[in-house]
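The opening residue of the sequence shown carries number 96 in our numbering; numbering runs sequentially from there. Beta carbons are placed, not taken as given, at the ideal position from N, Cα and C, and that holds for glycine. Keep in mind that this is a model prediction, so the values were computed, not measured.
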Amino acid sequence: MLASAGMAVASWLAPDLMRNDFERFDDLRRSFLFFGLSGVALAAYWTAYANRDEVPSGPLRTTTIVCLAALFAAFPVGSKDVFGYAMFGKILGHYGANPLVTAPSAFPADPWLPFLGDARWRDWPVVYGPLAVWQAWAIDGLAGADLWVAVWLYKGLAMGLFGATLVVAAAVLRRPALAAPASWLLALLAWNPLLQFETAGNAHNDIVMVLAVCVAVWCRQRERSRAAVAVLAVAFWYKWYSLLFLPAFLVDRAGRSWRAAGGDLGVVVAVVVGVGVLSLWPLPGPAGAVLSNWFAPKALQGIYPNELSPLLAPLFWGLNWAGAFESLWGAWTFDVMRWSAFAAAAAAITWRQWRAGPSVESMLEAGCLWAAAFVLLVLTMLLPWHLLMVIVPAVLCGREPFIGFAVVLTVLGLASYFLTFAVATLALALIAAALWALRREGAMTAWLWR
Numbered sequence: 096m097l098a099s100a101g102m103a104v105a106s107w108l109a110p111d112l113m114r115n116d117f118e119r120f121d122d123l124r125r126s127f128l129f130f131g132l133s134g135v136a137l138a139a140y141w142t143a144y145a146n147r148d149e150v151p152s153g154p155l156r157t158t159t160i161v162c163l164a165a166l167f168a169a170f171p172v173g174s175k176d177v178f179g180y181a182m183f184g185k186i187l188g189h190y191g192a193n194p195l196v197t198a199p200s201a202f203p204a205d206p207w208l209p210f211l212g213d214a215r216w217r218d219w220p221v222v223y224g225p226l227a228v229w230q231a232w233a234i235d236g237l238a239g240a241d242l243w244v245a246v247w248l249y250k251g252l253a254m255g256l257f258g259a260t261l262v263v264a265a266a267v268l269r270r271p272a273l274a275a276p277a278s279w280l281l282a283l284l285a286w287n288p289l290l291q292f293e294t295a296g297n298a299h300n301d302i303v304m305v306l307a308v309c310v311a312v313w314c315r316q317r318e319r320s321r322a323a324v325a326v327l328a329v330a331f332w333y334k335w336y337s338l339l340f341l342p343a344f345l346v347d348r349a350g351r352s353w354r355a356a357g358g359d360l361g362v363v364v365a366v367v368v369g370v371g372v373l374s375l376w377p378l379p380g381p382a383g384a385v386l387s388n389w390f391a392p393k394a395l396q397g398i399y400p401n402e403l404s405p406l407l408a409p410l411f412w413g414l415n416w417a418g419a420f421e422s423l424w425g426a427w428t429f430d431v432m433r434w435s436a437f438a439a440a441a442a443a444i445t446w447r448q449w450r451a452g453p454s455v456e457s458m459l460e461a462g463c464l465w466a467a468a469f470v471l472l473v474l475t476m477l478l479p480w481h482l483l484m485v486i487v488p489a490v491l492c493g494r495e496p497f498i499g500f501a502v503v504l505t506v507l508g509l510a511s512y513f514l515t516f517a518v519a520t521l522a523l524a525l526i527a528a529a530l531w532a533l534r535r536e537g538a539m540t541a542w543l544w545r
């Protein structure tokens with residue numbers, strides 16, 4: 096709670112709000128302050144992970160509300176995305192243009208544009224689906240011409256959706272024969288500093304996808320598999336990566352009935368087509384141009400060496416050291432290797448789930464692994480909020496080592512605001528190796544003294 100309150104206060108210690116985020120701090124002392132506050136939050140979270148006792152509902156609810164309220168009051172220093180959301184809504188609501196094909200930079204005189212800073216998507220159309228655009232349009236209608244009203248509407252919405260996610264997660268964790276205490280698992284979600292920071296703090300819309308996956312799992316748990324896949328199909332038009340979880344649901348269904356799995360797939364196709372027509376048809380501009388831009392966003396077409404995942408970074412730097420990127424075949428080799436690795440991972444995940452048999456646990460584990468393979472092997476721009484869709488199913492499955500994996504990703508995600516993912520991973524690996532060596536040395540010393 097103290098770390099969240101400290102972040103809220105520190106977030107306003109800036110003379111220029113247009114440059115008020117981690118990548119643009121003019122005062123290095125503020126960077127160290129946030130790094131220290133993040134360290135305190137992560138230490139507290141690690142303590143909660145190490146202490147596997149039941150967590151009373153009262154303290155759990157109170158601490159969660161206080162942390163979220165503090166971060167809600169904070170300026171969104173993690174990224175400029177929420178200002179982009181507001182601008183996308185304004186493009187449709189005020190300018191009458193389609194943000195799926197029109198970039199914010201098309202309106203250079205707009206007073207909101209400077210708050211986007213030099214973010215890459217300042218010059219890109221929106222990479223989200225039409226449902227995200229209609230959400231932005233609705234918030235723009237409520238906010239009018241006030242940027243700050245729009246920003247805090249997004250923060251309030253994200254915080255509310257996080258609360259709804261916890262309610263659904265609590266219902267999912269009420270299943271029998273859970274391997275770990277349900278209240279402890281719920282605390283690992285409610286107290287997760289990355290989840291809190293990316294929702295109440297930064298208002299990232301990935302929380303919409305997290306909630307959709309949780310609702311789909313809850314539907315599956317209540318033996319409503321077609322409702323589950325329908326939720327994922329609707330979420331496809333918000334952010335298309337909801338379909339990453341579809342194979343896990345279909346394999347789970349096929350393990351009980353191949354015919355039922357085919358019916359579920361038919362539901363997915365029908366819902367995707369229906370929602371797509373309804374959400375795209377009212378938008379200005381030809382649907383073909385919208386779809387071609389959305390399925391080939393510029394955000395996925397480049398290589399970002401400082402934002403690569405811990406798996407892709409060694410591959411990139413190895414090819415770069417060999418001089419591969421001085422010719423066309425270097426980028427081609429990089430793409431072939433990462434997509435081949437993803438395909439191999441997908442086959443292994445599917446086989447693992449099929450051998451485990453149909454269950455909520457195996458389905459959640461498979462969904463977590465699908466999402467992890469996607470963000471670690473496919474995305475060439477891995478950002479902290481991309482990890483939310485990996486962390487939540489990892490905790491909900493209730494099994495180790497997935498829970499530990501979620502905690503490690505939380506540490507890496509929050510640390511990556513100050514260090515790149517690859518550097519943060521290397522630092523944690525060195526710390527772990529040092530602790531292991533010290534423990535081994537202590538064990539050897541004790542044996543010698545005996």
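- Val228 sits buried, since 16 or more C-beta atoms from the chains shown fall within 10 Å of its C-beta.
- Rounded to the nearest angstrom, the gap between the Cα atoms of Asn193 and Gly380 is 7 Å.
- Of Lys175, Val490, Arg348, the smallest CA-CA separation from Asn297 is found for Lys175.
- Shown here, Met96 sits in coil according to DSSP, grouped into three states, outside any helix or strand.
- In this structure the segment 519-538 does not touch the segment 285-296; the number of beta carbon pairs closer than 8 Å is below three.
- Of the residues assessed, Leu123 falls on the exposed side of the cut-off, its CB having fewer than 16 other CB atoms within 10 angstroms.
- Taking a cut-off of 8 Å on C-beta distances, the segment 466-481 touches the segment 427-443, as three or more cross pairs fall below it.
- Ala274 is positioned such that its CB atom lies no closer than 8 Å to that of Gly462.
- Around the Cβ of Trp353, a 10 Å sphere holds fewer than 16 other Cβ atoms; the residue is exposed.
- Relative to Trp332, the option among Ala489, Ser200, Arg447, Val367 whose CA is nearest is Val367.
- Scanning its chain for C-beta atoms nearer than 7 Å, with the 5 sequence neighbours on each side dropped, one finds around Leu137 the residues Pro288, Val506, Leu509, in chain order.
- DSSP, read as helix, strand or coil, puts Glu456 in helix.
- Note on Ala517: 16 or more other CB atoms within 10 angstroms of its CB, so buried under the neighbour-count rule.
- For Cys314, the uninterrupted alpha helix (DSSP H) segment begins and ends at 301-316.
- The continuous alpha helix (DSSP H) containing Cys162 extends over residues 152-167.
- Taking a contact as a CB-CB distance under 8 Å, the pair Pro271 and Arg351 does not count as one, their CB atoms being some 18 Å apart.
- Look at Val196 here: in three-state DSSP terms it is coil, with no helix or strand label.
- Boundaries of the alpha helix (DSSP H) harbouring Asn415: 407-416, taken from the DSSP string.
- With fewer than 16 neighbouring CB atoms inside 10 Å of its own CB, Phe127 falls in the exposed class.
- The beta-carbon separation of Ala165 and Ala109, rounded to 18 Å, does not stay under the 8 Å limit for a contact.
- Taking a C-beta distance under 8 Å as the contact criterion, Ala325 and Val362 qualify as a contact pair.
- Arg270 sits in coil when the DSSP states are folded into three classes, being neither helix nor strand.
- In terms of CA proximity to Leu281, Asp148 leads the group Phe129, Asp148, Leu533, Phe130.
- Within a 10 Å sphere around the beta-carbon of Val487 sit 16 or more other beta-carbons, which makes this residue buried.
- Beta-carbon to beta-carbon, Val329 and Thr260 are separated by about 16 Å, too far to satisfy the 8 Å threshold.
- When DSSP states are grouped into helix, strand and coil, Asn287 belongs to the coil group.
- For Gln291, the closest of Val161, Leu211, Glu402 by C-alpha to C-alpha distance is Val161.
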